[in-house]
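Just so you know, the numbering used here puts 141 at position 1 of the sequence shown, and the rest follows in order with no gaps.
Backbone N, C-alpha and C fix where the C-beta goes; we use that ideal spot for every residue, glycine too.
Structure, as structure tokens:
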Amino acid sequence: MLIALILGFVVLVLLYFIITYNKLIKLTVLAEEGWSAIDVFLKKRYDLIPNLLETVKGYAKHESATFENVVKARNNAVNASSVHEKEVSEQQLNVALKGLNIVVEQYPELKASENFKQLSSELTKIETEIESARRYYNATVRDLNIAVTTFPSVIIANMFKFEKKEFLEIEIQARENPKVAF
141 MLIALILGFV VLVLLYFIIT YNKLIKLTVL AEEGWSAIDV FLKKRYDLIP NLLETVKGYA
201 KHESATFENV VKARNNAVNA SSVHEKEVSE QQLNVALKGL NIVVEQYPEL KASENFKQLS
261 SELTKIETEI ESARRYYNAT VRDLNIAVTT FPSVIIANMF KFEKKEFLEI EIQARENPKV
321 AF
């Protein structure tokens, strides 16, 4: 009888171990999937920006400093690799796009252009998708971080080197959506 109790206890501990390990793997994969979705939407955004710039350049040739700032910020964002680098570069890109928005406001004929309307509509849609992907990523990171730091799953997390992930946050000044309402 004692052997059956001990064996039952060992089986329960082993089952808990397996379930917790698999949960940590699942949460890690979900967080990586969330980051991948953000990357996809950001790539779409980065690909759209040059088209938007070319359209605006046709109307506002003397605004070269603004265009250079947007291109530089876009290139920095494309080359950022870590979550923190991506945050910083995205904030710089948002500021540059706000500068572009100011330029566009000075050209009513540009705002009336069908090509420009389509590009700005696509950019607005992508911004919404990026925000949704950020929320999903942060939710999965939250769940992973809770599992990695709470008892008793922290024991298994430490055994297999599961680590907390960084949240994707935006500075308070950049929390306004870069609404490119051209």
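| Asked | Found |
| --- | --- |
| CA-to-CA distance, L193 to I286, given in whole angstroms | 43 angstroms |
| Sequence-distant residues of the same chain with beta carbon closer than 6 angstroms to S337, five excluded per side | In the structure as shown, the chain starts at 141 and stops at 322, and residue 337 therefore has no counterpart that could be examined. |
| For Q231, the nearest candidate out of E249, K257 and E267 (CA to CA) | E267 |
| Distance, V218 Cα to E225 Cα | 10 angstroms |
| Buried/exposed call for I158, threshold 16 Cβ in 10 Å | exposed |
| Q246 versus A177, K201 and M299, residue with shortest Cα-Cα distance | K201 |
| Distance, V180 Cα to G198 Cα | 29 angstroms |
| Residues near R185 by beta carbon distance below 6 angstroms, same chain, minus five either side | I266 |
| Separation of E309 from R282, as counted between CA atoms | 12 angstroms |
| Closest by C-alpha distance to E269, when choosing among T290, F291 and L182 | L182 |
| Per-residue DSSP class, three states only, for H202 | coil |
| C-alpha distance - F322 paired with N241, whole-angstrom precision | At F322 the pLDDT is 46, less than 50, meaning the model places this residue with poor confidence; the figure from the coordinates comes in the next sentence. So the two alpha carbons sit approximately 6 angstroms from each other. |
| First through last residue of the alpha helix (DSSP H) which encompasses K257 | E254 to T289 |
| Nearest-angstrom Cβ-Cβ length linking N215 and A236, presumed shorter than 8 angstroms | Actually they do not touch by this definition, with Cβ atoms about 11 angstroms apart. |
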